[in-house]
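>
There are 2 protein chains.
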Amino acid sequence: MTTLNNLSLTELAELRTRGEFDAAALLESCVDRIVSREDDVQAFEYIDIDKLRATPLEATTSLLGTGLEGIPFGVKDLMDTCDMPTGWGSPIYTGRQAGRDAGCVAMLRACGAQVVGKTVTTEFACFFPGKTRNPRNPAHTPGGSSQGSAAAVADCMVPFALGTQTAASIIRPAAYCGVIGYKTSRGAFDLGGICSLSQTLDSLGFFVRDARDLGIIRSALMRGQHVGKSAQPARVGLVRTPHWEEASVVAREAVEGAAEKLSRAGVIIEELEVGPDDGALTDSHKVVMAYEAARARIFEYKNYPEQLSQQMISLIETGLALTATEYNNAIALAREWMLWLDDVLVGVDCLISPSTPGEAPAGLDSTGDPVFSRMWTLLGQPSINLPVGEGPNGMPIGIQLIGRNNHDDTLISHAAWMQPLIGCVVSLDRS
Amino acid sequence: MTTLNNLSLTELAELRTRGEFDAAALLESCVDRIVSREDDVQAFEYIDIDKLRATPLEATTSLLGTGLEGIPFGVKDLMDTCDMPTGWGSPIYTGRQAGRDAGCVAMLRACGAQVVGKTVTTEFACFFPGKTRNPRNPAHTPGGSSQGSAAAVADCMVPFALGTQTAASIIRPAAYCGVIGYKTSRGAFDLGGICSLSQTLDSLGFFVRDARDLGIIRSALMRGQHVGKSAQPARVGLVRTPHWEEASVVAREAVEGAAEKLSRAGVIIEELEVGPDDGALTDSHKVVMAYEAARARIFEYKNYPEQLSQQMISLIETGLALTATEYNNAIALAREWMLWLDDVLVGVDCLISPSTPGEAPAGLDSTGDPVFSRMWTLLGQPSINLPVGEGPNGMPIGIQLIGRNNHDDTLISHAAWMQPLIGCVVSLDRS
Chain A
1 MTTLNNLSLT ELAELRTRGE FDAAALLESC VDRIVSREDD VQAFEYIDID KLRATPLEAT
61 TSLLGTGLEG IPFGVKDLMD TCDMPTGWGS PIYTGRQAGR DAGCVAMLRA CGAQVVGKTV
121 TTEFACFFPG KTRNPRNPAH TPGGSSQGSA AAVADCMVPF ALGTQTAASI IRPAAYCGVI
181 GYKTSRGAFD LGGICSLSQT LDSLGFFVRD ARDLGIIRSA LMRGQHVGKS AQPARVGLVR
241 TPHWEEASVV AREAVEGAAE KLSRAGVIIE ELEVGPDDGA LTDSHKVVMA YEAARARIFE
301 YKNYPEQLSQ QMISLIETGL ALTATEYNNA IALAREWMLW LDDVLVGVDC LISPSTPGEA
361 PAGLDSTGDP VFSRMWTLLG QPSINLPVGE GPNGMPIGIQ LIGRNNHDDT LISHAAWMQP
421 LIGCVVSLDR S
Chain B
432 MTTLNNLSLT ELAELRTRGE FDAAALLESC VDRIVSREDD VQAFEYIDID KLRATPLEAT
492 TSLLGTGLEG IPFGVKDLMD TCDMPTGWGS PIYTGRQAGR DAGCVAMLRA CGAQVVGKTV
552 TTEFACFFPG KTRNPRNPAH TPGGSSQGSA AAVADCMVPF ALGTQTAASI IRPAAYCGVI
612 GYKTSRGAFD LGGICSLSQT LDSLGFFVRD ARDLGIIRSA LMRGQHVGKS AQPARVGLVR
672 TPHWEEASVV AREAVEGAAE KLSRAGVIIE ELEVGPDDGA LTDSHKVVMA YEAARARIFE
732 YKNYPEQLSQ QMISLIETGL ALTATEYNNA IALAREWMLW LDDVLVGVDC LISPSTPGEA
792 PAGLDSTGDP VFSRMWTLLG QPSINLPVGE GPNGMPIGIQ LIGRNNHDDT LISHAAWMQP
852 LIGCVVSLDR S
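Protein chains in written order, with our numbering: chain A, 1 to 431; chain B, 432 to 862.
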């Protein structure tokens, strides 16, 4: 029997339409799942089960009819919450109380959604891992930085969770955990109350199990009308990127196999090269991220160096050593290709490309390689990880869809159309 | 005799070169000025004179040779400071302790600069005024939202101060107080630890009394090489904007007079129209600001409505009533004209336009009209207020220079070249 915690937002909306939605039962079902699985998965940095059971649903709903009333969700511990600590994945800020909600959290609460807990982030959303394990196999990394959010959704603890991406922090954990992860177009959402890392790259995102759910969350936040639409793309661009040689056989087959299925369904596939073929966009991403992260974290570097990881110190020192000219050149290259890509994405509806070099690696010391997301994050376009199968180790494999800047609704429609065709079942709770 | 508090950063750098720079004497001189004038000006939301005198200069300087060692500065109370409260101009957050410095504050401290105090901001950097008076005449508004920073620099309390702009929050108070105010290119600086209002529009900025100083601060923050350069523009575009009829005679004469002086000095003046002539860019700015501010402030709207001003509530409710389509249309219009303006600014070196409709209005209930900055803020280009004279009420008048996106150094060079030619003396302390 399918329990409530297994249902997607779209399925829950259908229950609501039939008058069968029971928010208290849904919360209880999610809490049951968390209680039974959290020891293995460790998705949450902070959760108070007793308080959650005792707390009435968010009392006042000022924004009605979004479909999020009574929906539990997870919040990356990079985002401020007025009633839970926000530690940014750093021992420096353990127990930090922000006194207010980040804008996106407050909006979702105003829609009647309920924060279940704070999900684990890597240190300042960078490379040093948190405690979360991959729900599919706890000996493997869930990816990072939004690792708790990806794992919680993959494990059916919550129907959706919030994340952010600066390099690969949504696409990679979504691919490794086998869920849908969506990085929004740059600049589309308020990031107030979210610890900043790179003003150029930081983007909000959501994890869900059904691509159609993305439209529900977006519409709630934006007062949009895009709910449940699904549309076949006419043309899709296949982009191998300059890093194709770094992709494993299974990652390549995932992309090529998806292209084949799309083609058989009548979609025209065009092979495209995006950006210079020497990996300069990936290198520019590294420059921009290090340069900006150094300036975002200079306070901690100066005042609490002994509480920073070596990875963090190295990133900051790399960034401080870069000159304004090196940074400006990287920004200028990004800008040039961004405009070029906007033009390309008039001719094709979206792109497909690998999400990661392969399955989630074994071990919890690293969150894996961000190589297949850096250039797309630099260019600012919206992207979605769509799980398409499993690799030889039984771990999930996904492909990355990339859409046109600020045309996120279109990309979501295409993902929603593709999921039943090429997506695999996204659920771990087979009870 | 000129006292140290009257000196610009450029003049202080000359003292340093001659081995005559004395940080303790400079701080004492600034503090003396603050003590004698703060009752009239009320530039500071928080300042602890005794502690300041007792505190040694920022101890560790990790970034050497920027020219900011031992330089006191003011910080808009929208920006987090680890050792002073940050109240965002709202009674909701009076006494709020952030526990860390905003990125830009931490960078300046790492360069050895010293925070003197927190300068007054309007409520959440919007329209409801703080307590600051115009140093030129305390019966007149200093403008907003960065009102304390503009007043403190105009009154020679500090050589520079930080501000932010979402509509006109740097250009307008700079024009009203008679100082140089510089709004940086959109996205050029980390805004972490600064209360967000609009992710599209929020920009960092600096107030100084000598345009050359802008290069010193920028280079310190960016690891740039642009210090003290001044360059004559070959061509300048004169833009009257669709709001020219709203400019007073003195504001129009300021722009036209500047154009005439530039022309006599050999600069080619071209008359340009920017954007549609129906004021649609200004209207789009209002849409983007209200829509995004509503999402940035939904927490306060939901939880502390009785502590918000009527102006703030009205802005939020306007924003919540806008649809995603209305917002996206405004963003799309901005994007189109931004690309167009980037092209225009290859043909001319910079633009000149009014900073404000006229002198600072009498009264402290309003911060004046932002009409002449909205469209430029929407387009994201860097802009500088250059004081050029006084109006019939004896209050300052400025003109607005607008440069090419991410070519801020060039704009600063032109402002530095223009200041001796068309700028007026910027100093109130004639002791």
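Glycine included, C-beta positions come from ideal geometry on N, C-alpha and C.
By Cβ distance, which residues of its chain are closer than 6 Å to L12 of chain A, with the 5 residues on each side in sequence left out?
So the list is empty, once near-sequence residues are dropped.
> Name the chain A residues whose beta carbon is nearer than 7 Å to that of D621 of chain B?
Within chain A, the residues near D621 of chain B are S196, Q199, E292, R295 and A296.
> Could one say the Cβ of T81 of chain A lies closer than 8 Å to chain B's Cβ atoms, at least one of them?
No, because no Cβ of chain B sits closer than 8 Å to the Cβ of T81 of chain A.
> Looking at the secondary structure, which residues open and close the alpha helix (DSSP H) in which T17 of chain A lies?
Note, T17 of chain A: alpha helix (DSSP H), L9 to T17.
> Starting from N134 of chain A, follow its DSSP beta bridges and name the residues at the other end.
DSSP lists A:N137 as partners of N134 of chain A.
> So which residues on chain B does D101 of chain A lean against when the C-beta distance must stay under 8 Å?
By Cβ distance, chain B contributes F730.
> Who pairs with A161 of chain A in a beta bridge, going by DSSP?
Note: A161 of chain A sits in a beta bridge opposite A:G74 and A:F207.
> Please give me, in chain order, every unbroken run of the alpha helix (DSSP H) with length at least 4 that falls completely inside the region 636-694 of chain B.
Correct list: 643-653.
> According to DSSP, is Y46 of chain A part of a helix, a strand, or is it coil?
In the structure shown, Y46 of chain A sits in a strand (DSSP, three-state: E or B).
> Using 8 Å as the threshold, is the C-beta distance between G668 of chain B and L809 of chain B below it?
Cβ distance not < 8 Å, so G668 of chain B and L809 of chain B don't count as in contact.
> Could you list which residues in chain B have their beta carbon closer than 8 Å to that of T323 of chain A, in chain order?
Residues of chain B passing the Cβ test: R654, G655 and Q656.
> Where does E731 of chain B land, buried or exposed, given buried means 16+ other C-beta within 10 angstroms?
Buried, since its Cβ has 16 or more Cβ neighbours within 10 Å.
> Under a CB-based cut-off of 8 Å, is N385 of chain A close to chain B?
So, not an interface residue.
> At a cut of 8 Å, does the region 762-781 of chain B reach the region 540-550 of chain B through at least three beta carbon pairs?
Judged by Cβ distances under 8 Å, the region 762-781 of chain B makes no contact with the region 540-550 of chain B, as fewer than three pairs qualify.
> So, for P785 of chain B: in the same chain, excluding its five sequence neighbours on each side, which residues have a beta-carbon less than 6 Å away from its beta-carbon?
Same-chain partners within the cutoff: A678, A682, V686 and F803.
> Need the endpoints of the alpha helix (DSSP H) that V775 of chain B sits in, please.
Its alpha helix (DSSP H) spans residues A755 to G778.
> Among the candidates A:C104, A:R133 and A:R100, whose CA atom is the shortest distance from the CA of D40 of chain A?
Nearest option by C-alpha distance: A:R133.
> Quick one: Cα of P801 of chain B to Cα of V719 of chain B, how far?
Looking at the two C-alpha atoms, the distance is approximately 15 Å.
> Let me check understanding here. Comparing Cα to Cα, which of A:R235, A:E292 and A:C195 lies closest to G267 of chain A?
It is worth fixing the name first, because residue 267 of chain A is Val in this sequence and not Gly. The option with the nearest alpha carbon to V267 of chain A is A:R235.
> Looking at the C-beta of R404 of chain A, does it have a partner C-beta in chain B at a distance below 8 Å?
Taking Cβ atoms only, chain B never reaches closer than 8 Å to R404 of chain A, which makes this a no.
> According to DSSP, simplified to helix, strand and coil, what is E449 of chain A?
The question about residue 449 of chain A has no answer here: the residues shown for chain A are numbered 1 through 431.
> Can you find at least 3 beta carbon pairs, one from the region 523-535 of chain B and one from the region 455-472 of chain B, that sit closer than 8 Å?
In short, these stretches do not touch, since the Cβ pair count stays below three.
> Would you please verify whether the beta carbon of G574 of chain B is less than 8 Å from any beta carbon of chain A?
Taking Cβ atoms only, chain A never reaches closer than 8 Å to G574 of chain B, which makes this a no.
> Which partner residues does Y182 of chain A have in the DSSP bridge list?
Paired residues: A:F206 and A:I384.
> Using the rule of at least 16 other Cβ atoms within 10 Å of the residue's Cβ for burial, across every protein chain shown, is S263 of chain A buried or exposed?
That one is exposed.
> One question on the structure: do Q630 of chain B and E723 of chain B come within less than 8 Å of each other, judged by their Cβ atoms?
Going by C-beta atoms, Q630 of chain B is nearer than 8 Å to E723 of chain B.
> Which residue's Cα is closest to the Cα of L842 of chain B: B:L739, B:I611, B:Q742 and B:L751?
It is B:I611.
> With a threshold of 8 Å between beta-carbons, can G187 of chain A be considered close to chain B, or not?
Interface residue, yes.
> For G799 of chain B and K286 of chain A, what's the separation of their Cα atoms in angstroms?
Going from the Cα of G799 of chain B to the Cα of K286 of chain A covers about 43 Å.
> Start and end of the beta strand (DSSP E) containing V116 of chain A?
From DSSP, the beta strand (DSSP E) with V116 of chain A extends over Q114 to T119.
> List, in chain order, every chain A residue whose beta-carbon is nearer than 9 Å to that of K482 of chain B.
Result: empty, since nearest Cβ-Cβ is about 19 Å, beyond 9 Å.
> For the region 535-559 of chain B, which residues have a beta carbon sitting closer than 9 Å to at least one beta carbon of chain A?
Listed by position, the residues of the region 535-559 of chain B near chain A (Cβ gap below 9 Å) are C535, V536, A537, M538, R540 and A541.
> Kindly indicate which three-state DSSP category E390 of chain A falls into: helix, strand or coil?
Strand at E390 of chain A.
> Give the range of the alpha helix (DSSP H) segment to which G103 of chain A is assigned.
Residues G103 to A110.
> Can you tell me the Cα-Cα spacing of C608 of chain B and S576 of chain B, whole angstroms?
Near 13 Å, if we compare the C-alpha coordinates of S576 of chain B and C608 of chain B.
> By Cβ distance, which residues of its chain are closer than 6 Å to A721 of chain B, with the 5 residues on each side in sequence left out?
Correct list, in chain order: L746, T749 and G750.
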